[in-house]
Amino acid sequence: MHDIALSVGYSNEYYFNRRFKRSVGVTPGQYRSFHQDGLRVFAPFLEDYLLALDITPVAQYSHAEWGKQEYLALHNVPEVDISTRNWQELSRYTPELILLDNGFHRWHLEECSRIAPLFKLPVHQEDWRATLYSAAAVFGRTERVQNVIGNYEHQAQQAKQLLTRSVHSQTIACLRISVYGITLYGCEHLGYTGSVLHHDLGLQPHSLVRKLTRGKNRVNLTKEELANLTADHLFITFDQLEGGGRELLDTQLWRSLPAVRNGSVYEVDFMAWMNYGVLSHQRKIEDVLRALG
């Protein structure tokens, strides 16, 4: 339990047990023993991690404009639209634990405490491996984590070898587009895409990516900066929450970009690419291989 407490982000086993018991009402060990036949969990924005641990949530989050995480293929799992704050809908599925990440305040998810105990995972920022360990520790499934990570790293290494032969020194950039503007994602261990595209797959970021995003996970681009984005390949996704943005594709500025002229622009799934989960990262690798492999 000491190692689990450390992996979850707590300095000692006692504090981890106390924090969990204060939130849930029982210790982690008692919780697991009570629920050996099934875990009734609602974990908005963390479904990716649960599935990686072979846990199916009782409900999945959706959003009126974003939709749901289609890439997870949770076709038989009911949806709860978090944008409505209609938690009565959630209560129909009788969750026994609600697992939260650091962004829960934005969606007023603390209001769900009247439905089931809440447990907030510690903040691990960009470190998806640590988040996976945290979730696994809650459910007593830490022995699965190394296998999940190992499978991902093997997939990434195999893809990197293929891409080294097909892409060589060509440059890459990733854009998130909405009616409010264009966001360029970084090339370091920051943001939803940088660690996968540029670290794990070894793809070369365009020089503008290096220049503008140093130490940042993303930056907003001006039209002048976009005009200088001469990357060989562009991966783009559209933020439906902020609406629109597709009109950019009809502008002379967009059509003048080298990647656009050469047919090297690839639209990817918003939910899968704007996500830190291991399954979303595997989807990114699959998308890159389809485009560039």
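Its first residue numbered 829, the sequence shown is counted upward by one per residue in this note's numbering.
Cβ coordinates follow ideal geometry from the N, Cα and C atoms, glycine included.
Taking 8 Å as the upper bound for CB-CB distance, P1033 and T1065 are not in contact here, some 17 Å apart.
Taking a 10 Å sphere around the C-beta of Y889, we find 16 or more other C-beta atoms and assign the residue as buried. If you draw a straight line from the Cα of Q974 to the Cα of S1023, it is about 19 Å long.
Going by beta carbons, G1019 and N1045 fall inside the 9 Å limit. In the structure shown, V995 adopts helical secondary structure according to DSSP, grouped into three states. Within the same chain, and ignoring the five residues on either side of K988 in sequence, the residues whose Cβ sits closer than 8 Å to its Cβ are D1028, L1029, G1030.
At a Cβ-Cβ threshold of 9 Å, E898 and A1100 count as neighbours. When the five nearest sequence neighbours on each side are left out, the beta carbons in the same chain lying within less than 8 Å of the beta carbon of L937 are those of P872, I910, I926, L928, L946, in order along the chain.
In this model, Q953 and L1069 are separated by some 22 Å (Cα to Cα). Residues D876, A1100 of the same chain have their beta carbon placed closer than 6 Å to that of S1108, with the five preceding and five following residues left out of the count.
In this structure, the beta-carbon distance from V1093 to L1062 falls below 9 Å. The three-state reading of DSSP puts I977 in helix, counting H, G and I together.
DSSP, read as helix, strand or coil, puts G1022 in helix. Sorting P906, I883, Q985 by C-alpha distance to the C-alpha of F967 places I883 at the top. When C-alpha distances from L1054 are compared across G1043, K1112, V1116, I1010, the shortest belongs to I1010. H1026 and R1083 have their C-alpha atoms some 25 Å from each other. Within its own chain, the residues whose Cβ lies closer than 8 Å to the Cβ of S1035, once the five positions on either side in sequence are excluded, are T999, listed in chain order. By the beta-carbon neighbour count (other beta carbons within 10 angstroms, threshold 16), D1067 is buried. L902 sits in coil when the DSSP states are folded into three classes, being neither helix nor strand. V908 counts as buried, since no fewer than 16 other beta carbons sit within 10 angstroms of its beta carbon.
Out of E893, T922, G895, the CA that lies nearest to the CA of G866 is found in T922.
Contact check for Q1110 against Y980 passes: the beta carbons are separated by less than 9 Å. Boundaries of the alpha helix (DSSP H) harbouring V1037: 1035 to 1041, taken from the DSSP string. Leaving aside the five residues that flank D1115 on each side, the residues in its chain whose CB is nearer than 6 Å to its CB run, in chain order, V1096.
Taking each of R1038, T970, W915 in turn and checking the Cα distance to C1002, the smallest one comes out for R1038. Taking 4 residues as the shortest admissible run, the region 914 to 947 contains the following complete alpha helix (DSSP H) segments, listed from N- to C-terminal end: 915 to 919. Distance between W935 and L879, taken at the CA atoms: about 22 Å. For I1113, the enclosing alpha helix (DSSP H) stretches over residues 1106 to 1120.
Within a 10 Å sphere around the beta-carbon of L1120 sit 16 or more other beta-carbons, which makes this residue buried. In this structure, the CA atom of M1102 is about 25 Å from the CA atom of R972. The alpha-carbon of G978 is positioned some 43 Å away from that of L1081.
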